[in-house]
Amino acid sequence: MIELTLTAKGNVHQRESTKLEFKSEFIWEKCFFQKCLRSIAGFANNQGGMLVFGVKNKPHEVLGIKAEFEEAHQDKKRLNERISDFFAPEIIWETEIRPLGNHQIGIIHVKEATKKPIICKKVGEPDILRESAIYYRYQAETKEIQYSDLYLMIEKEKEKERKLWFNLFEKTATIGVGNVGLLNLTDGIVSGKNGSFLIDETLLPKIQFIQEGNFSETEGKPTLKLVGTVEALSSIVEVERQVLVSNKDRMKPQQVIKLVQNGLGNIRVLRRGNETDKFNNDTHTRCWNKFKVRPKGKSSHPAKTESKYCIYDEPHKDYLYTQEWVDFLIEKLSNEEEYNSLYTKNKDLL
């Protein structure tokens, strides 16, 4: 989430970006609202973002919201119907009203889609929404996706699926084929070597959040506790099963990069003639080298880390990081001199 701050004149300090767009007001009028829908889809197809209402674009003067956004915030059904009417697969979003200066602003938070691309299902207003179009958020604008970005998106989706299959086969090999059951999250049927059993439909919504991406590789993998009943032919047995997951609350590098970049205001900089995120993979590597948080890749002692900030995950042969590391980086790199030193005084870090 991007933290909005004000200048001395009372205007919003942040600029529109790949994750942020301003609208002076919220109205249901067709043309205006379909432009909002296009932006929502664009955020979902990129890395997610915030559509902020009650702030002018130029200058970023805070105007505040009117009754229409408050109504949409209280009754999300209408907004959800509009989004679902035009786009598929499902877009995950949430509304918020928060104070900013002397006003209240409205925000639609859009999560990065777990299944891409999000596609427009039907024709909208001329030059706004086109059937079969894929919209993508670029720097301060949303437009139809370019070939190169669509290609990368498809390749990432393929790689994600390959990893899911690989992880499934790896875990199956570890557990043993005879000890594995497959859970169908749609109908609740768990199938295994010796037959099947059915998870009650009242329990399914509690575990279907797995489909929302909460068990992603970049977010700490939580412990899932499933409590319910298993019905046999002659009896009902109360079941409580604890599924243990290691490395809870630890983060992979890409999650660290996203959080720190966000904490630094999602600023873009010029580096070697190319525009890039202020905090990216290269910056992260320079940081853990400079602050001696972990050894380099080919070290003979990979587990020799600063445990407050980083641990070595032996089973997966990679490194995981803590929230303390994220907070440390945001605090350090908010100082421009400290940030610039990564690229001036420490060229030998890599």
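Numbered according to our numbering, the sequence shown terminates at residue 550, and the numbering increases by one at each position without gaps.
All C-beta atoms, glycine included, are put in the ideal place defined by N, C-alpha and C.
Listed in chain order, the non-local C-beta contacts of S541 below 6 Å within the same chain number zero, local neighbours out to five positions each way being set aside. Sorting K490, N246, N489 and T522 by C-alpha distance to the C-alpha of R337 places N246 at the top. R450 is positioned such that its CB atom lies closer than 9 Å to that of T522. Where Y521 is concerned, the enclosing beta strand (DSSP E) starts and stops at D518 to Y521. L529 carries a helical assignment under DSSP once its states are collapsed to helix, strand and coil. Shown here, I292 sits in coil according to DSSP, grouped into three states, outside any helix or strand. In this structure, L533 is the residue among Y351, L533 and A267 with its C-alpha nearest to the C-alpha of I457.
Each of L220, I307, K235 and G473 was checked against the Cα of Q339, and the nearest Cα belongs to L220. Going by C-alpha positions, V310 is about 32 Å away from E538. Apart from the 5 residues on each side of it in sequence, I345 sits with its Cβ closer than 6 Å to the Cβ of I334 and Y336 in its chain, given in chain order. For the 9 Å CB-CB criterion, A272 and K321 do not form a contact.
I227 places its beta carbon 9 Å or farther from that of E270. Counting the other CB atoms within 10 Å of its CB gives N466 a total of 16 or more, which places it among the buried residues. Straight-line measurement puts the Cα of E203 at about 30 Å from the Cα of R494.
Note that the C-beta distance between V460 and I530 is below 9 Å.
For the pair E216 and F222, the CB atoms are nearer than the 9 Å cut-off.
In the displayed model, H484 falls within a helix according to three-state DSSP.
In the displayed model, Q214 falls within coil according to three-state DSSP, outside both helix and strand. Non-local C-beta neighbours of E294 in its own chain, meaning closer than 6 Å and more than five positions away in sequence, comprise H309, ordered along the chain. Residue pairing from DSSP places Q304 in a beta bridge opposite P299.
Annotation: G392 to S239 spans about 44 Å, alpha carbon to alpha carbon. Buried is the label assigned to V212, since at least 16 other Cβ atoms lie within 10 Å of its Cβ.
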